[in-house]
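In the UniProt record's numbering, the protein residues as written are 1 to 306. All C-beta atoms in this analysis are idealised placements derived from N, C-alpha and C, irrespective of residue type, glycine included.
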């Protein structure tokens, strides 16, 4: 990936002060020094979690546009270019009050609107490979260079600035699933993320899988035939020993299950909350340090493709 470089002038490059002084002052100077003409700025101390989130998104979706407002950053994407064929939709909110620093020029987000940053995912994946544990990054845009987002990595004696990702055209999309969304104040079931991701990874090896959600429980049933009579596998959480008529069934694509295996590295001790009130739609919510992720799994049988 060809990248452009920014020049950062650190007064003291001694190894002793590399993390404590120079690396910190250089990245803050970008925002504070008028010469940079910054119009958007987000600093992620936990860059590794943000990298994992973007990796997860890019493995399913063709793009991950960031809708930046004065308060938070929002993402709303589906896994198909035709809205009527969506079988997986993700809504996420990055809570900017939990970031070390966040800034957006009011001209970019007038009242009731936001600023869209739609980065080239191939370039982004290459750049973020350098973001390992204990590495943070800031991303920013300059007033005179709005066609790209510039990154600056820091931490563990890393102080690399200037690599950039080009922006792509954003085509607005809206997903009409809110009418079917269950009550998000009371989950049907809570599952440790590590258990859920392991079960999803195992089930992804089968030809057919579906979730069966109960008032206080969840099953993930997989097999090599639609009836799941051969090589049947069943993972179970909560109370599932009630009448089947009280359960809701949602079939799921094996590729989606495979990608859920990545959740365990997000937050090994975290909790996945499961919601469902009808056949054909299962909602999963995960809260990370700065990111609130809500996934909508939609059964293809219930998708209107007319």
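Does the distance from the CB of residue 60 to the CB of residue 91 come in under 9 Å?
-> Not in contact: residue 60 and residue 91 (Cβ atoms no closer than 9 Å).
Residue of 154, 255, 142 minimising C-alpha distance to residue 44 = Among 154, 255, 142, the Cα nearest to that of residue 44 is on 154.
Residue range of the beta strand (DSSP E) that includes residue 148 = It spans 145-155 - the beta strand (DSSP E) in which residue 148 sits, taken as one unbroken run.
What residues in its chain sit with their C-beta under 8 Å from that of residue 120, if we drop five residues either side in the sequence?
-> Answer for residue 120: 165, 166, 167, 168, listed in chain order.
Length at least 4, wholly inside the stretch 209-288: the alpha helix (DSSP H) runs in chain order | Taking only runs of at least 4 residues, the alpha helix (DSSP H) segments lying wholly in the stretch 209-288 are 254-260, 263-266.
Could you give the DSSP three-state label for residue 139: helix, strand or coil?
-> Residue 139 sits in a strand when the DSSP states are folded into three classes.
Determine the direct distance from the alpha carbon of residue 30 to that of residue 6, and round the result to whole angstroms.
-> Bear in mind that a pLDDT of 44 at residue 6, under 50, signals an unreliable position, so the number given afterwards is only what the model happens to contain. Cα to Cα, the separation comes out at about 10 Å.
Quick one, which of 36, 269, 281, 123 has its alpha-carbon nearest residue 251's?
-> The residue from 36, 269, 281, 123 with its alpha-carbon nearest to that of residue 251 is 281.
Unbroken alpha helix (DSSP H) run spanning residue 51, endpoints = Note, residue 51: alpha helix (DSSP H), 47-58.
Considering only residues of the same chain and omitting the five flanking positions on each side of residue 93, which have a CB-CB separation below 6 Å?
-> Here residue 93 has 72, 74, 292 as same chain residues with Cβ atoms under 6 Å from its own Cβ, once five neighbours each way along the sequence are excluded.
Reduced DSSP category for residue 171 - H, G, I as helix; E, B as strand; rest coil = In this structure, residue 171 counts as coil in the three-state DSSP scheme.
Residue 116 in three-state terms, based on DSSP | Correct three-state label for residue 116: strand.
Reducing DSSP to helix, strand and coil, say where residue 190 ends up.
-> Assigned with DSSP and collapsed to three states, residue 190 falls in strand.
Near residue 50, what residues of its chain come up, given a Cβ to Cβ distance below 7 Å and the 5 sequence neighbours on each side ignored?
-> Cβ neighbours of residue 50 beyond the five flanking positions: 44.
Specify the secondary structure class of residue 164 as computed by DSSP and reduced to three states.
-> The three-state secondary structure of residue 164, taken from DSSP, is strand.
Residue 218 and residue 238: beta carbons closer than 9 Å?
-> For residue 218 and residue 238, yes; Cβs fall inside 9 Å.
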